[in-house]
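First to last, the sequence lines map onto chains A and B.
Note that the working numbering numbers the first sequence so that position 88 is 88, with each residue one more than the last.
Start counting at 1 in the second sequence, then tack on 1000, and there's your number in the working numbering.
Each residue gets a CB set at the ideal place from its N, CA and C atoms; glycine is no exception.
All values reported here derive from a predicted model rather than from experimental measurement.
Data block below; observations after.
Protein chains: 2
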Amino acid sequence: MSKGERTRATILDEALAMTSTDGLTGLTIGTLAERLGMSKSGLFAHFGSKEMLQAAVLGRAAELYADTVVRPAMALPRGLPRVLGLFENWIAWTLAPVLPGGCPIQAASIEFDDRPGPLRDMIIRHQEDLRHLVTGAVKRAVDEGHLRADLDVEQFAFEGISLCFGFTQTYRLLKDPRAEAWVRTAINQLIERSRPVGA
Amino acid sequence: MSKGERTRATILDEALAMTSTDGLTGLTIGTLAERLGMSKSGLFAHFGSKEMLQAAVLGRAAELYADTVVRPAMALPRGLPRVLGLFENWIAWTLAPVLPGGCPIQAASIEFDDRPGPLRDMIIRHQEDLRHLVTGAVKRAVDEGHLRADLDVEQFAFEGISLCFGFTQTYRLLKDPRAEAWVRTAINQLIERSRPVGA
DNA sequence: TTGACAATAGCACGACCGTTCGTATTATTT
DNA sequence: AAATAATACGAACGGTCGTGCTATTGTCAA
């Protein structure tokens, strides 16, 4: 790994932390350079434009999410364990966030939902991928016989994802400790009522 | 109503629209003044500081939400109709938003969840009030015998609110038209499984 | 070790930020 | 109609924004 690639990675780590608290728009090249002890122009040269820096941050956030939430869950046995693992890792990621300010992609989703452009396209793609991932895992749980054959898998995914969103909101802003129990209960009930009738 | 109060109201209307698309931080005095065809300093004098402008915008957003979502629902008969009305108006508010960029308070919730200060305090208070409102309405539905006596009303409120959040996110960013059916189905099922056993 | 090139710094730019101030123009009241 | 207060404006402030340049430093293969 060349020196350039190394500093680029260092920059992105700090940028990711900054984005998680200040948002993609609040991420500023001057402040970022100052935190890293380097010059604005030196940092700038790594990305060519602010938008490309933001895009790189978004990409790295997606990587981090995949490493922390998705991949460990995908390593579990297919079917219900994998579905459970997905939600469980998501809750854990919110509870003890790797990033100080919560998931930057979720924040960016709201920040950019009315600002067309390549950044919003990236965000949309990530959220769609996540939805497909959850839906696919649920579908496989149906195929394995862990969940009802007539289950509406997309309805299930919508409810599960909404609960995780709601949990993030409640936990991060209101700091209500009961939120964790609420989301776990809700997820469990969602699964229980989706089980095969005869089981 | 004096002239000052009138222009102040005009300013806030435009500021609210701007905030809904650009966020409270993206709201800028220069651009706002330009849109209104007035000078920066003239506009500024109405609020004294940017933070106070933001606070005023937040207050007006809460008013608008109360007028559009809460009050019409509260006019319905107490019990289940009121609970249903609350969710129904919330969904309608997202579907045909009075504001071009969706609910500013929900956006601000994520924007400010890591930025201590009077603005965050306002946002927290609004979200807590909303939660109490929903919880109270559900509690009354229990008292009326419309919902199970042993229902965990706060769990119910958490799930209902999360579904509305999830709906907003899915509908506004992903523009998936199926989202409306999903959230309605989910809310209905939430209510159905909370009904008294013998009914 | 040297030559080629990547990486970083320094400086300047135009634009916009929130804010202040003095002044002019209106409204409102006497 | 005169006096007084409320309202709005224009210009300017110090700062920061993103973004170009040019020059210097550092890295790494030949």
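Margin query: Below 8 Å on C-beta distance, what does Phe165/A contact in chain B?
Written below: For the purposes of this step, residue 165/A is taken as the residue at position 165 of the first sequence. Residues of chain B passing the Cβ test: Ser1162, Phe1165, Gly1166, Gln1169.
Check: Listed in chain order, which residues of the region 16-27 of chain A have Cβ atoms closer than 7 Å to some Cβ of chain B?
Finding: Thr21, Gly23, Thr25, Gly26
Notebook entry, point to check: Going along chain B, which residues have a C-beta under 9 Å from Gly102/A?
Noted result: Residue numbering aside, residue 102/A sits at position 102 when the first sequence is read from its first letter. In chain order: Ile1110, Asp1113, Asp1114.
Next item on the list: Leaving out five residues on either side along the sequence, give the residues of the same chain with a beta carbon under 6 Å from the beta carbon of Ser2/A.
Entry: As a working mapping, residue 2/A is identified with position 2 in the first sequence. Excluding sequence neighbours, Ser2/A sits near nothing in its chain.
Next item on the list: Using a cut-off of 7 Å between C-beta atoms, extract the partners of Arg172/A located in chain B.
Entry: Start at 1 with the first residue of the first sequence, and residue 172/A comes out as number 172. The contacting residues are Asp1113.
Notebook entry, point to check: Since Ser950/B and Leu1147/B are thought to touch, with beta carbons under 8 Å apart, how far apart are those beta carbons, to the nearest angstrom?
Noted result: The requested residue 950/B is not part of the displayed model; chain B covers only 1001 to 1199.
Margin query: Within a Cβ cutoff of 7 Å, which residues of the same chain sit near Ser20/A, ignoring the five residues on either side of it in sequence?
Written below: As a working mapping, residue 20/A is identified with position 20 in the first sequence. Excluding positions up to five away in sequence, the list reads Leu99, Pro100, Gly101, Gly102, Pro104.
Check: Under 8 Å between C-beta atoms, does Leu128/A make it to chain B?
Finding: Indexing the first sequence from 1 puts residue 128/A at position 128. Checking the displayed sequence, the identity of residue 128/A turns out to be Glu instead of Leu. Interface residue, yes.
Next item on the list: For Leu58/A, I'd like the list of residues in its chain whose CB is within less than 8 Å of its CB, leaving aside the five on either flank, ordered along the chain.
Entry: For the purposes of this step, residue 58/A is identified with residue 58 of the first sequence, where counting begins at 1. Once the five neighbours on either side are set aside, the close Cβ partners of Leu58/A are Leu24, Pro104, Ile105, Ala108, Leu119, Met122, Ile123, His126.
Notebook entry, point to check: If you pair each beta-carbon of the region 37-54 of chain A with each one of the region 1132-1148 of chain B, do three or more pairs fall below 8 Å?
Noted result: no
Item checked: Own chain residues within Cβ distance below 7 Å of Leu1012/B, not counting five before or after -> Residue 1012/B sits at position 12 when you count from the first residue of the second sequence. Ala1056, Val1057, Arg1060, listed in sequence order.
Notebook entry, point to check: Hey, quick one: how far does the alpha helix (DSSP H) through Ala137/A stretch, first residue to last?
Noted result: What you label residue 137/A is simply residue 137 of the first sequence in a count that begins at 1. Element bounds for Ala137/A: 118-143.
Notebook entry, point to check: Interface residues of chain B around Phe271/A at Cβ under 8 Å?
Noted result: The requested residue 271/A does not occur in the structure, where chain A is confined to residues 1 to 199.
Item checked: Secondary structure of Pro1072/B, DSSP reduced to three states -> Translated into the one-based positions of the second sequence, residue 1072/B becomes position 72. If DSSP states are grouped into helix, strand and coil, Pro1072/B belongs with the helices.
Checklist line | Under 7 Å from the C-beta of Thr1185/B: neighbouring residues of chain A | finding: For this step, residue 1185/B is matched to residue 185 along the second sequence. Going along chain A in sequence order, the residues near Thr1185/B (Cβ under 7 Å) are Gln155.
Notebook entry, point to check: Taking DSSP as the reference, what is the three-state secondary structure of Met1052/B?
Noted result: Here residue 1052/B refers to the residue found at position 52 when the second sequence is read from its first residue. Reduced to three states, the DSSP call for Met1052/B is helix.
Next item on the list: Look at the alpha carbon of Val1070/B and the alpha carbon of Leu32/A, and state the distance between them as a whole number of angstroms.
Entry: In the second sequence, the residue the question calls residue 1070/B occupies position 70. In the first sequence, the residue the question calls residue 32/A occupies position 32. Near 42 Å, if we compare the C-alpha coordinates of Leu32/A and Val1070/B.
Check: Looking at C-alpha atoms only, which residue of Glu111/A, Pro77/A, Phe47/A is the closest neighbour of Gly26/A?
Finding: Along the first sequence, one-based indexing puts residue 26/A at 26. Considering only alpha carbons, the answer is Glu111/A.
Next item on the list: Report the three-state DSSP secondary structure of Lys40/A (helix, strand or coil).
Entry: By 1-based counting over the first sequence, the position of residue 40/A is 40. Lys40/A falls in the helix class under three-state DSSP.
Check: Can Glu128/A and Leu1174/B be called in contact, C-beta distance under 8 Å?
Finding: As a position in the first sequence, residue 128/A is number 128, starting the count at 1. As a position in the second sequence, residue 1174/B is number 174, starting the count at 1. Yes; because the gap between Cβ atoms is below 8 Å, this pair is in contact.
Next item on the list: Tell me, please, whether the CB atom of Trp1093/B is closer than 8 Å to any CB atom in chain A?
Entry: The count along the second sequence starts at 1 and reaches residue 1093/B at position 93. Closer than 8 Å: no.
Note to self: For Phe156/A and Ser1162/B, which I take to be in contact (beta-carbon distance under 8 Å), what is that distance rounded to the nearest angstrom?
What the structure shows: For this step, residue 156/A is matched to residue 156 along the first sequence. For this step, residue 1162/B is matched to residue 162 along the second sequence. Their Cβ separation, rounded to whole angstroms, is 14 Å, which puts Phe156/A and Ser1162/B out of contact at 8 Å.
Margin query: Cβ closer than 7 Å: which chain A residues qualify as neighbours of Phe1087/B?
Written below: As a first step, residue 1087/B is located in the second sequence; it is residue number 87 there, counting from the start. The premise fails here: Phe1087/B is roughly 13 Å from chain A at the closest Cβ pair, so nothing lies under 7 Å.
Next item on the list: Measure how close the beta-carbons of Ala1149/B and Val1083/B come, nearest whole angstrom, since I'm counting them as under 8 Å.
Entry: Counting from 1 along the second sequence, the entry for residue 1149/B is found at position 149. Counting from 1 along the second sequence, the entry for residue 1083/B is found at position 83. Not quite, the Cβ-Cβ distance comes to about 16 Å (not below 8 Å), so this is no contact.
Item checked: Backbone CA spacing between Gly4/A and Met18/A [nearest angstrom] -> Here residue 4/A corresponds to residue number 4 of the first sequence, with the count starting at 1. Here residue 18/A corresponds to residue number 18 of the first sequence, with the count starting at 1. Looking at the two C-alpha atoms, the distance is approximately 21 Å.
Check: Mind checking Leu1043/B: buried by the 16 CB within 10 Å criterion, or exposed?
Finding: Residue mapping note: residue 1043/B aligns to position 43 of the second sequence, counting from 1. Classification of Leu1043/B: buried, given that the 10 Å Cβ count is 16 or more.
Item checked: Alpha-carbon spacing of Arg184/A relative to Leu1190/B, whole angstroms -> Within the first sequence, the letter at position 184 stands for residue 184/A. Within the second sequence, the letter at position 190 stands for residue 1190/B. Their backbone Cα atoms lie some 16 Å apart in a straight line.
Notebook entry, point to check: Checking contacts by CB at 8 Å: is Glu159/A closer than that to chain B?
Noted result: Within the first sequence, residue 159/A is the residue found at index 159, counting from 1. Answer yes: the Cβ-Cβ gap between Glu159/A and chain B drops below 8 Å somewhere.
Item checked: Boundaries of the alpha helix (DSSP H) in which Val183/A is found, first to last residue -> Numbered from its first residue, the first sequence carries residue 183/A at position 183. 178-192 is the extent of the alpha helix (DSSP H) around Val183/A.
Notebook entry, point to check: To the nearest angstrom, how far is it from the Cα of Leu80/A to the Cα of Asp113/A?
Noted result: On the first sequence, position 80 is the one that residue 80/A refers to. On the first sequence, position 113 is the one that residue 113/A refers to. Cα-Cα distance, rounded: 32 Å.
Item checked: Helix, strand or coil at Thr28/A [DSSP, three-state] -> Counting from one through the first sequence, the residue named residue 28/A turns up at place 28. Correct three-state label for Thr28/A: coil.
Notebook entry, point to check: Tyr1171/B: which of Ala1092/B, Val1197/B, Leu1086/B, Asp1152/B sits nearest, CA to CA?
Noted result: Your numbering for residue 1171/B matches position 171 in the second sequence. For the residues Ala1092/B, Val1197/B, Leu1086/B, Asp1152/B, the minimum Cα distance to Tyr1171/B belongs to Ala1092/B.
Next item on the list: Would you identify the three-state DSSP class for Ser2/A, choosing helix, strand or coil?
Entry: As a position in the first sequence, residue 2/A is number 2, starting the count at 1. Residue state, collapsed to three classes: coil.
Checklist line | Own chain, CB closer than 7 Å to Glu154/A, minus 5 neighbours either side, in chain order | finding: Taking the first sequence and counting its residues from 1, the one referred to as residue 154/A is at position 154. Result list for Glu154/A: Thr135, in chain order.
Next item on the list: Write down the C-beta distance between Ala200/A and Glu1159/B rounded to the nearest angstrom, noting that I regard them as a contact closer than 8 Å.
Entry: Outside the shown range of chain A, which is 1 to 199, sits residue 200/A, and nothing can be said about it.
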